[in-house]
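A quick write-up on the structure given underneath.
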Amino acid sequence: MTDAPLKQRLDEQKLLLAPGVYDALSALLAEQAGFEALYLSGASIAYTRLGRSDIGLTTYTEVQDTLARITERVALPVVVDGDTGFGNALNVQRTVRGFERAGAAMVQLEDQTFPKRCGHLDGKGVVPVAEMVGKLHAALDARDRTLVLARTDALAVEGIEAAFDRAEAYLAAGADALFIEALRTPAQMDAACARFAHRVPLLANMVEGGKTPVQSAPELQARGFRIAIFPGGTVRALAHTLQGYYASLATHGSTRPWSDRMLDFDGLNGVLGTAQLLADGRRYDGA
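Numbered according to numbering that gives the first Met the number 0, the sequence shown spans residues 0 to 286.
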C-alpha cells in the first residue's frame, strides 16, 4: 500500500508545486501560504544545520530528525531527499523505514557515488545501474506506504541517452516517480517528458543559478512535468535577507531601521498560533 493521497494527487494532470523546506518553521510558513506538498531538501539541511555546502556531509539521523519535527507540525505530504540512501541496499532499507516512521510521503533516492554532492555541482559520479536497481528493490521491499522517487545524475557523467536508459531501468524496477537531474536545456526537458511523462510522474528541479533553466509551474506543466520543486530557494532567500538584517543591526545597533521588514513579537506569535497553544494547555490545568 502506498501513500494514497499523494499518489492520487500525482495522477491528476495539474502539476504539484512543492517548495523546499528545512525545518518546522519553514514548513509551517509554506503550509500557511497554501502549498499542497513540501520538499525536504538535504542540501537545505546542510546549509542551515551545518552551515556547509551540499557535498554529502548530512547524515540519515539529521534528515530523519528534521522530518519528524516537520510532520509533527504540519499536515502536508512531504517528499524527502534521501540522497544515496546513506550507504548500500541495507542502509537504503533503514532509511526508507525510518523516514516512513517519521512521516514521509515520498522518499527520493539517487544513483550518485559516495560522497555525493549537489546535482548542480560538477565532478559527480554514478554507481553501476545494477547497484541502483538493487537499492530500489530494497527500498520497495522496505516500504509500507511511502512512494519511491528514483533520481539519476547520469546526464553529467554519461550523457543524456545513458540517463534515459537508467531512468528506464529504474522505472522497470518499480519506482513510483522519476527525477532526471540537471537537464541542461528546454530541448532536453522536452525530450525527457516525451519519453517518460505519459508513463510516470516526472519531477523538475528548479535551482536558481543551477544548470537547468528555471521555469514557472505553468511552463513546466505545459512541458509534461507533474512535480516541480524549488528546493534551495528558501535558504537562498533567507540568506539574502539575513545578510541585510545583520548588516543593518551591526551598523545601527538597533533593529528599528529593519522593523518594516520583520514581524514583531505579536506578529510571530500569531504565525505560530501561540494563543491557541496556550488555550489548549489551559484545558489540562487542574486549577
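Heads up, the beta-carbon is just placed ideally off N, CA and C, and yes, glycines get one too.
In this text, all values refer to a predicted model and were calculated from it rather than measured experimentally.
THR76: buried (16+ other C-beta within 10 angstroms of its C-beta) or exposed?
Sequence inspection shows Pro at residue 76; the Thr mentioned does not correspond to that position. When all chains shown are included, PRO76 counts as buried.
I need the boundaries of the beta strand (DSSP E) containing ASP80, first residue and last residue.
77 to 80
Taking the CB atoms as reference points, tell me whether ASP82 and GLY133 lie closer together than 8 Å.
no
DSSP puts MET105 in a beta bridge; with which residues?
VAL78 and LEU146
Is the beta carbon of THR211 sitting closer than 8 Å to the one on ARG183?
yes
Leaving out five residues before and five after ARG48 in sequence, what residues of the same chain have Cβ atoms less than 7 Å from its Cβ?
GLU61
Considering just the uninterrupted stretch of the alpha helix (DSSP H) at GLY122, what are its terminal residues?
Taken as a continuous stretch (DSSP letters only), GLY122 belongs to no alpha helix (DSSP H), as it is neither H nor E.
Find the nearest neighbour of LEU177 within the set GLY208, LEU135, ASN268 and VAL206, judged by alpha-carbon distance.
LEU135
Out of LEU237, GLN111, ILE226 and PRO4, which has the shortest C-alpha to C-alpha gap to PRO127?
GLN111
Starting from ILE69, trace the alpha helix (DSSP H) in both directions and tell me its first and last residue.
59 to 72
Taking only the alpha-carbon atoms, compute the straight-line gap between ARG150 and PHE85 and give it to the nearest angstrom.
14 Å
Count the other CB atoms within 10 Å of the CB of THR254; is the residue buried (16 or more) or exposed (fewer)?
exposed
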